[in-house]
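See below for the structure under consideration.
Number of protein chains: 2
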Amino acid sequence: MSFRFTLHRTDASARRGTFDTPHGPVETPAFMPVGTQAAVKALTIDQVRSTGAEMILGNTYHLALRPGESIIRDLGGLHRFMGWDGPILTDSGGFQLFSLAQNTKVTEQQATFRSHIDGALFELSPERAIAIQEALGSDVVMVLDHVIALPADDNAIRDACDRTIRWAARCKAAATRSNQAQFAIVQGGLNPELRVWCARQLAELDFPGYAVGGLSVGESPEEMYAVLDVVCPVMPADKPRYLMGVGTPRDLLNAVSRGIDLFDCVMPTRNGRNALAFTDEGPLRLRNQVHQRDERPLEVGCPCLACRHSRAYLRHLFLADEMLGPILLTHHNLTYYQRLLAGAREAIEQGRFAAYMDQKLKPAGG
Amino acid sequence: MSFRFTLHRTDASARRGTFDTPHGPVETPAFMPVGTQAAVKALTIDQVRSTGAEMILGNTYHLALRPGESIIRDLGGLHRFMGWDGPILTDSGGFQLFSLAQNTKVTEQQATFRSHIDGALFELSPERAIAIQEALGSDVVMVLDHVIALPADDNAIRDACDRTIRWAARCKAAATRSNQAQFAIVQGGLNPELRVWCARQLAELDFPGYAVGGLSVGESPEEMYAVLDVVCPVMPADKPRYLMGVGTPRDLLNAVSRGIDLFDCVMPTRNGRNALAFTDEGPLRLRNQVHQRDERPLEVGCPCLACRHSRAYLRHLFLADEMLGPILLTHHNLTYYQRLLAGAREAIEQGRFAAYMDQKLKPAGG
Chain A
-4 MSFRFTLHRT DASARRGTFD TPHGPVETPA FMPVGTQAAV KALTIDQVRS
46 TGAEMILGNT YHLALRPGES IIRDLGGLHR FMGWDGPILT DSGGFQLFSL
96 AQNTKVTEQQ ATFRSHIDGA LFELSPERAI AIQEALGSDV VMVLDHVIAL
146 PADDNAIRDA CDRTIRWAAR CKAAATRSNQ AQFAIVQGGL NPELRVWCAR
196 QLAELDFPGY AVGGLSVGES PEEMYAVLDV VCPVMPADKP RYLMGVGTPR
246 DLLNAVSRGI DLFDCVMPTR NGRNALAFTD EGPLRLRNQV HQRDERPLEV
296 GCPCLACRHS RAYLRHLFLA DEMLGPILLT HHNLTYYQRL LAGAREAIEQ
346 GRFAAYMDQK LKPAGG
Chain B
-4 MSFRFTLHRT DASARRGTFD TPHGPVETPA FMPVGTQAAV KALTIDQVRS
46 TGAEMILGNT YHLALRPGES IIRDLGGLHR FMGWDGPILT DSGGFQLFSL
96 AQNTKVTEQQ ATFRSHIDGA LFELSPERAI AIQEALGSDV VMVLDHVIAL
146 PADDNAIRDA CDRTIRWAAR CKAAATRSNQ AQFAIVQGGL NPELRVWCAR
196 QLAELDFPGY AVGGLSVGES PEEMYAVLDV VCPVMPADKP RYLMGVGTPR
246 DLLNAVSRGI DLFDCVMPTR NGRNALAFTD EGPLRLRNQV HQRDERPLEV
296 GCPCLACRHS RAYLRHLFLA DEMLGPILLT HHNLTYYQRL LAGAREAIEQ
346 GRFAAYMDQK LKPAGG
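Protein chains in written order, with my numbering: chain A, -4 to 361; chain B, -4 to 361.
Printed below as a string of structure tokens:
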């Protein structure tokens, strides 16, 4: 079997593992940079690799709309298309139906929506979401889920949750490839009973991995942590656990402490393009006047491309509207996230994760 | 002496030389990528180096306005500021006074203008242009010249030409550093007598290098080549000759054949950002439908970052508005220019430059 999740060590609820895939291993807990449209924004694929990333994300919705999955399939699949030979996870498009598509209508059979690019009518069923991801050839394939806006009443959440479970079963039945692993997605809003119920139902379907979805949609960090507190204990311990679309450094460490293994988020890349750099001393806003003559790097000892330069130079690049500013800060932020999780892995191995988390979050709270 | 120009070989009028500077040698004929605002647009400094570039360009006007030369000086000079340890040439700002600044007024003493960024009033005299470039610490410093729009009547051209010569003498007198070489700029529009006269006057002032300025401002290639035909023979043979702001691959080879040693131009970088790739088969427009499923690289055998990918992927990046498209095509085009001139150097060494030029220009004319 080409997929395997090996749990090396736990430290309280934090887990140190290895997730083996057909395109190589991923040491967990791990952060996956987001390459929505078959590119991690602002970076060459070599630069993505040099941040320490082992696995990256693509997106079913975006790639089906543009360039179309048949083009990627005919050109040898997503790995070859974007030049990444490591593992790739593709999101199913469920979140984009909720956040980006226009006029989305969900029936039991499928979601119908209009493309945010050109208004063209599209249909996305569980079977179609799997077929697209099989054409893309990603290693991990996400089931199509039904994401709804929060806050919502319990009936609406339960309805979306039920549909997510039924759609997960249809996704599983639709799979035709043995070299892809499907992850199911636990929904249930902020309702602990629904979350637990959803996780248990999905666990019975026996997927190779499980995700927590429908978070990071406007709730507070504490509400999110409360969901993880109830849902992680009922997710299968021998499978990887993926928290979708989260989050700040503080969110990541809090989730790791509750037993999450995989993350993705646009935060390091999007913030990098907007001149915000993550550091252990808290975020730096590079457009600020205070950096005008500062010859220090963003962070001493950081091996990224930005930290070869002064803060003054980085500030200049943003004020002068040079693409190099977003490029360098994206590389820094992704490197920061990778180092944060490398430190977490080491701390779990050494049984000192709680102390590591305290130390990382004390100065500024990420 | 830290500057030296060594002429190794000529092939008809084409010259193969080495220009030694305090930051290392430049093999000529050479193309200098443009780093106007202390960055070559879209590339990290390592990527600039990996194109094969040995010397790059910065701009006095832009850097004086933003971030201000005192900041760059206080941070250790332009080399350290942008992380480039090779030779740097800084343009004087003469061309920007003509092309970019607002309400430029030129008197014998100086040019007065308003910043294109914030409308602030600035003065630029020959002495000030040199002082700024001394603060920047570039290796080659251009004198301040008086550029005018073409076509213009002979009196206006003669007037600007006279002023350029007087300003060159003032620039020379203003220099206080021994580790910078000043290049004078030959003006004279399309008037052959004025060009020859200007070149001879400047030659008498004995500069370490000479440039041909005021071209690539709307005249035809043939008009430009006609200027080079008359001006190159009267430029000192033992000094490097730099053709400013030029041009297409065809322009470069035509200028090399007439005895030019150094070039700069925004064409490879600007066109790269606009999805146009230079190849030996002629330019490719990557947005075109024809590339949709094309798995070939831009050019077989090209070592650039773009040519690791298919044309289909590059097209997708531009249609999806991913920064990686401009990044990869900038790297390709600069690599193309460097390879074009590396081929020219080799051809001159082997006495077959005319054949090389024929071969490169036959398919599409660049």
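We put the CB at the ideal spot given by N, CA and C, even for glycine. Quick caveat: nothing in here was measured; it's all calculated off a predicted structure.
| Check | Outcome |
| --- | --- |
| Chain-ordered neighbours of Gln32 (chain A) on chain B, where CB pairs are closer than 9 Å | His311, Leu312, Ala315, Asp316, Glu317 |
| Separation of Arg347 (chain B) from His304 (chain B), as counted between CA atoms | 33 Å |
| Members of the segment 261 to 282 of chain B that neighbour chain A once the beta carbon cut-off is set at 7 Å | none |
| Cα-Cα separation, Phe93 (chain A) to Met27 (chain A) | 22 Å |
| Phe313 (chain B) in three-state terms, based on DSSP | helix |
| The segment 232 to 239 of chain B contacting the segment 284 to 302 of chain B, beta-carbon criterion three pairs below 8 Å | no |
| Gln287 (chain A) at chain B interface by Cβ criterion, 8 Å | yes |
| Contact set between Arg61 (chain B) and chain A, taken where Cβ atoms lie within less than 8 Å | His311, Leu314, Ala315 |
| Straight-line Cα distance separating His326 (chain A) from Glu317 (chain A) | 15 Å |
| Among A:Val138, A:Ala7, A:Gly71, the one whose alpha carbon lies nearest that of Pro203 (chain A) | A:Val138 |
| Contact residues within the segment 46 to 60 of chain B, judged by C-beta distance below 7 Å to chain A | none |
| Delimiting residues of the beta strand (DSSP E) encompassing Glu118 (chain A) | 116 to 119 |
| Residues of the segment 70 to 91 of chain B with Cβ closer than 9 Å to any Cβ of chain A, in chain order | Leu70, Gly71, Arg75, Phe76, Met77, Gly78 |
| Contact under 8 Å by Cβ, Phe258 (chain B) with Leu247 (chain B) | yes |
| According to DSSP, residues forming a beta bridge with Met230 (chain A) | Bridge partners of Met230 (chain A): none, in fact. |
| Interface flag, Ser215 (chain B) vs chain A, CB-CB below 8 Å | no |
| Within-8 Å CB hit, Arg303 (chain B) to chain A | yes |
| Residues of the segment 329 to 344 of chain B with Cβ closer than 8 Å to any Cβ of chain A, in chain order | none |
| Ser173 (chain A) versus Ile127 (chain A) - alpha carbon distance | 15 Å |
| Buried versus exposed call for Asp6 (chain B) [16 or more other C-beta atoms within 10 Å across all chains shown] | buried |
| Presumed contact (8 Å Cβ cut-off) between Ser8 (chain A) and Arg282 (chain A), rounded CB distance | Actually they are not in contact, since the Cβ atoms of Ser8 (chain A) and Arg282 (chain A) sit about 39 Å apart, beyond 8 Å. |
| Where the segment 109 to 132 of chain B meets chain A: residues whose CB sits under 7 Å from a CB there | none |
| Partners in chain A for Leu300 (chain B), counting only beta-carbon separations shorter than 8 Å | Thr39, Asp41 |
| Beta-bridge pairing of Pro20 (chain B) - partner residues as DSSP gives them | B:Asp15 |
| Interface residues of chain A facing Glu290 (chain B) [CB-CB closer than 7 Å] | Leu70 |
| Residue-chain proximity (Ala307 (chain B), chain A), Cβ-Cβ < 8 Å | yes |
| Per-residue burial, Gly47 (chain B) [other beta carbons within 10 Å of its own, 16 or more giving buried] | buried |
| For Thr330 (chain A), three-class secondary structure by DSSP | helix |
| Option in B:Glu341, B:Ala144, B:Met352 with minimal Cα separation from His3 (chain B) | B:Glu341 |
| For Cys302 (chain B), the nearest candidate out of B:Thr330, B:Met77, B:Asp113 (CA to CA) | B:Thr330 |
| Counterpart residues of Ala106 (chain A) in DSSP-defined beta bridges | A:Val101, A:Leu119 |
| Closest by C-alpha distance to Asp86 (chain B), when choosing among B:Trp79, B:Leu70, B:His111, B:Val29 | B:Val29 |
| Alpha helix (DSSP H) runs contained entirely in the segment 203 to 259 of chain B, provided each spans 4 or more residues | 216 to 226, 244 to 252 |
| contact_flag[the segment 237 to 247 of chain B, the segment 201 to 217 of chain B] where n(CB pairs < 8 Å) is 3 or more | yes |
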